[in-house]
Amino acid sequence: MLILVTGATGQVGRRFVPRLLQNTAPGDEVRVLVRDAARGERFAELGAQVQVGDLRDTDVLGKATAGVEAVVNVAAAFRGVPDEEAQAVNRDAAIELGRAAVASGVRRFVQVSTGLVYGAGRGRPLVEGDETVPGGHLWGAYPQSKWEAERALGAMDGLDDLRIGRLPFVYGDGDPHLDNVMDWAPNWPAMQRLHMGHHADVAQGLQRLLYAPGATGVYNIADDAPVTTVDLFQLNGVPVPREAYDKDAADPWHSVMSTTRIRHELGYRPLFPSVWTARDAGAL
Ligand SMILES: NC(=O)c1ccc[n+]([C@@H]2O[C@H](COP(=O)([O-])OP(=O)(O)OC[C@H]3O[C@@H](n4cnc5c(N)ncnc54)[C@H](OP(=O)(O)O)[C@@H]3O)[C@@H](O)[C@H]2O)c1
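In our numbering, the protein residues as written are 2 to 285.
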């Protein structure tokens, strides 16, 4: 099976692809789509095929999906990009990639999404059958575009084996994401929670989604211990500002996901059940 992975140069992709290359089933091969040929060299050295091009270019999508049996669409635009770019990449290009996959006879499509598509919290961990409730403190073009992509791919004729992995806040393996938290955590209430997932577990979850027979539909991927804003400060060794305790967490269940489905159906068990375990293991 030839597997196409988009977004290989991103924070998730650059850690997922090497793990995938180490764990592919015998005979399987990996092709990555990258925008910059020089940044693709690292993946070629690891044994991947490299297709250079932009996800928004439909000619590129035809070449990228040629001969492919499974796609893992990791690519997204959400780090400091205008809303138009988020919509163009996360929704429009993801849909075009789905169409190209169908045209190329791809059997399986794994769409990497985000727990933010649930929108508002439900007063309990979010389960995959929960309808999206747009809104909440992190709603915007990014979750909206990922949500629209999920729906369009789910309704696409010919894309019968669609698997959607909804990720939490991803950290670890030197990803600066946990440091960057300090850009916005000072505005959060002390008891606001955030669900986390280490890169090793995101890779584990996506590989299970990719390979498990019959694993169609949505799966949450996360650890066992959502943190609070206080944890984020403590992880970064920064005192918690007093103002954080004056703010009420309007939606303490926002982004907190149940992992029951992926645990029961696919045998997923987080290697790092909490960010504190990862810290103790030197895996931040
Ligand atoms: N990181 C998290 O905490 C988190 C949480 C929930 C969900 N997710 C999901 O996980 C996935 C990966 O996120 P990430 O943190 O790795 O993001 P990232 O670091 O911003 O990486 C995004 C990747 O997408 C590629 N990309 C963006 N626009 C593209 C385009 N027009 N054509 C081709 N490639 C394009 C980027 O390529 P360049 O390197 O060339 O820019 C990069 O490889 C996304 O689907 C995101 O929604 C992430």
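C-beta atoms are modelled at their ideal positions from N, C-alpha and C, and glycine is treated no differently.
Residue from the options with nearest C-alpha to residue i
| i | options | result |
| --- | --- | --- |
| P240 | M258, A191, T261 | A191 |
| D356 | V103, A186, E70 | Outside the displayed span of the chain (2 to 285) sits residue 356, for which this structure offers no information. |
| G166 | D131, D174, L210, G41 | L210 |
| A216 | A156, H138, R125, Q112 | Q112 |
| G4 | L207, G120, L233 | Reading the sequence as shown, one finds Ile at residue 4 and not Gly. If we check each option's Cα against that of I4, L207 comes out closest. |
| F273 | A142, G120, H200, P253 | H200 |
| G68 | G81, R108, T115 | R108 |
| L21 | G48, A38, M183, R40 | G48 |
Buried/exposed call for residue i, threshold 16 Cβ in 10 Å
| i | result |
| --- | --- |
| H255 | buried |
| A282 | exposed |
| V31 | buried |
Residue i CB to nearest heavy atom of ligand 1 below 6 Å
| i | result |
| --- | --- |
| V231 | no |
| R36 | yes |
| R32 | no |
| T25 | no |
| A78 | yes |
| R164 | no |
| Q205 | no |
| L210 | no |
| T115 | yes |
Spatial neighbours of residue i in its chain, beta-carbon cut-off 6 Å, leaving aside the 5 residues before and after
| i | result |
| --- | --- |
| F170 | L195, M197 |
Cβ shell of residue i (< 8 Å), same chain only, five flanking positions each side left out
| i | result |
| --- | --- |
| T7 | G14, V33, L34, L56, A65, V72, V73, N74, V75, A76, L98 |
| G63 | A101, A104, S105 |
Own chain, CB closer than 7 Å to residue i, minus 5 neighbours either side, in chain order
| i | result |
| --- | --- |
| A213 | L267 |
| V228 | R194, L195, M197, V276 |
Any contact of the stretch 149-156 with the stretch 48-64, i.e. 3+ C-beta pairs under 8 Å? no
Validate contact between the stretch 83-91 and the stretch 134-146 using beta carbons, cut 8 Å, 3 pairs: yes
Please determine if the stretch 217-225 and the stretch 245-261 are in contact, where contact requires at least 3 C-beta pairs separated by less than 8 Å. yes
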